[in-house]
Every structure is written in C-alpha cells, then in structure tokens.
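If you count the sequence shown from 1, you need to add 111 to reach my numbering. Each residue gets a CB set at the ideal place from its N, CA and C atoms; glycine is no exception. The structure displayed is predicted, hence computed values, not measured ones. Input: a single structure, listed below in structure tokens.
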Amino acid sequence: MDRAEFGDYAERYKDTVYRVALNFMGNAQDAEDAVQETLLKLFLSREKFESEEHVKRWMIRVALNFCKNAARAQKRRVPTPPEELALSVPFEAEEQTALFTAVMSLPDKYRVPLYLFYYEEYSVKEIAHILELSDSAVTTRLQRARARLRSELVEERV
Numbered sequence: 112m113d114r115a116e117f118g119d120y121a122e123r124y125k126d127t128v129y130r131v132a133l134n135f136m137g138n139a140q141d142a143e144d145a146v147q148e149t150l151l152k153l154f155l156s157r158e159k160f161e162s163e164e165h166v167k168r169w170m171i172r173v174a175l176n177f178c179k180n181a182a183r184a185q186k187r188r189v190p191t192p193p194e195e196l197a198l199s200v201p202f203e204a205e206e207q208t209a210l211f212t213a214v215m216s217l218p219d220k221y222r223v224p225l226y227l228f229y230y231e232e233y234s235v236k237e238i239a240h241i242l243e244l245s246d247s248a249v250t251t252r253l254q255r256a257r258a259r260l261r262s263e264l265v266e267e268r269v
C-alpha cells in the first residue's frame, strides 16, 4: 500500500474507527489510542484488500481487538460516565441525548453490536463476522439490547 492510498483510507475511516472504539472503551483517550494503533497496523499491513468495505471491516476488527486486549490488561482508564459522554456529542433533541446515554450504559456485549447495526448499518451476518460470533448470537444480543433500552427508557419516563 502506498502513502496516498493509506492517507485516503485513514482519512475516510478514522472517524468510524474512533466511534467504534469509543463505544467499546467508554472514554476518548482509549478510543484515540485504538485509532492510532489501527492506523499504524494499516500502514504496516501487507494485506491485499478486496474492496473499500473489506478495508473498513478490517480496520474495525483491528480496533476491536485492540480494545479487548486493553480491557484484559486492565490498563484502561476509568470509563467516562455516559452522561458526560453525551455532553461531548452535540444532539439536536433531548430525546437523542437520553437514547445515547442509555446506549452507552449497556454492557459491551450488547452496546457494540447495537452500534454496528444501527449507526454503521452493518447486517447481522457482517457483525457476526466482525465480532467473530455466530449470526444467532448477534441476533440474540441485539434483541436483549433493545429490550434493555426499552425498559430503561420507559423507567425514565415514569
């Protein structure tokens, strides 16, 4: 991969990688570390990518692996509370802020598939491939995440 191609991929997908990492890690510093690590691996990679989508999926997978390893090593920082994260992301409506806060308070195993499905618009099959899970596991996690969100948001209204 030449520098121009790397620069193009880095510019195009760094925000996506950041959002996925932020979603998993729960704080901006660790998400930035994940982006840097992912871009470094992309630069050093000798991978032959089949398409733009293949590059994007590969970068998300690398970022998620970095996040998982960082979490295992217990070197990660204390996650930023969802309410504070909501303040750093501008939303037009108060409902959007409440939804974002509720999503960010979900456990990782529900939050990440939910984010990939609704915000990055991946299919269940693609999410299963990225997260190295079965299709049925992804479907179950999406259903459970929706149920938790529904009950949490109903509680807030009452």
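Alpha carbon to alpha carbon, how far is Val214 from Gln207? 10 angstroms
Please state if the CB of Ala174 and the CB of Val131 are separated by a distance shorter than 8 angstroms. yes
Whole-angstrom distance between Ala115 and Ala258, CA atom to CA atom: Near 45 angstroms, if we compare the C-alpha coordinates of Ala115 and Ala258.
For Pro224, report the span of its alpha helix (DSSP H) as first-last. Asp219 to Tyr229
Which ranges does the beta strand (DSSP E) cover as unbroken runs of at least 3 residues, wholly within the segment 233–261, from first to last along the chain? The segment 233–261 contains no whole beta strand (DSSP E) run of 3 or more residues.
Simplified DSSP state of Asp126, which is helix, strand or coil: helix
Using only alpha-carbon positions, find the residue among Met136, Thr127, Val223 and Ala204 that is nearest to Lys167. Thr127
Are the CB atoms of Leu153 and Met170 nearer to each other than 8 angstroms? yes
Which class does Asp144 belong to by DSSP, given the choice of helix, strand or coil? helix
So is Arg222 buried or exposed if we call it buried at 16+ other beta carbons inside 10 Å? buried
For Tyr129 and Glu266, I'd like the C-alpha separation in whole angstroms. 31 angstroms
When the Cα of Leu150 is compared with those of Lys125, Arg172 and Ala239, which residue comes out closest? Answer by Cα proximity: Lys125.
Apart from the five residues on each side of it in sequence, which residues of its chain come closer than 6 angstroms, Cβ to Cβ, to Leu227? Within its own chain, the residues whose Cβ lies closer than 6 angstroms to the Cβ of Leu227, once the five positions on either side in sequence are excluded, are Tyr233 and Ile238, listed in chain order.
Assuming contact is defined by CB atoms lying nearer than 8 angstroms, are Leu264 and Pro224 in contact in what I supplied? no
Looking only at its own chain, which residues have a Cβ that is under 6 angstroms from the Cβ of Leu260, when we skip the five neighbours before and after it? Ala213
Alpha-carbon to alpha-carbon, Ala209 and Val146: Cα to Cα, the separation comes out at about 27 angstroms.
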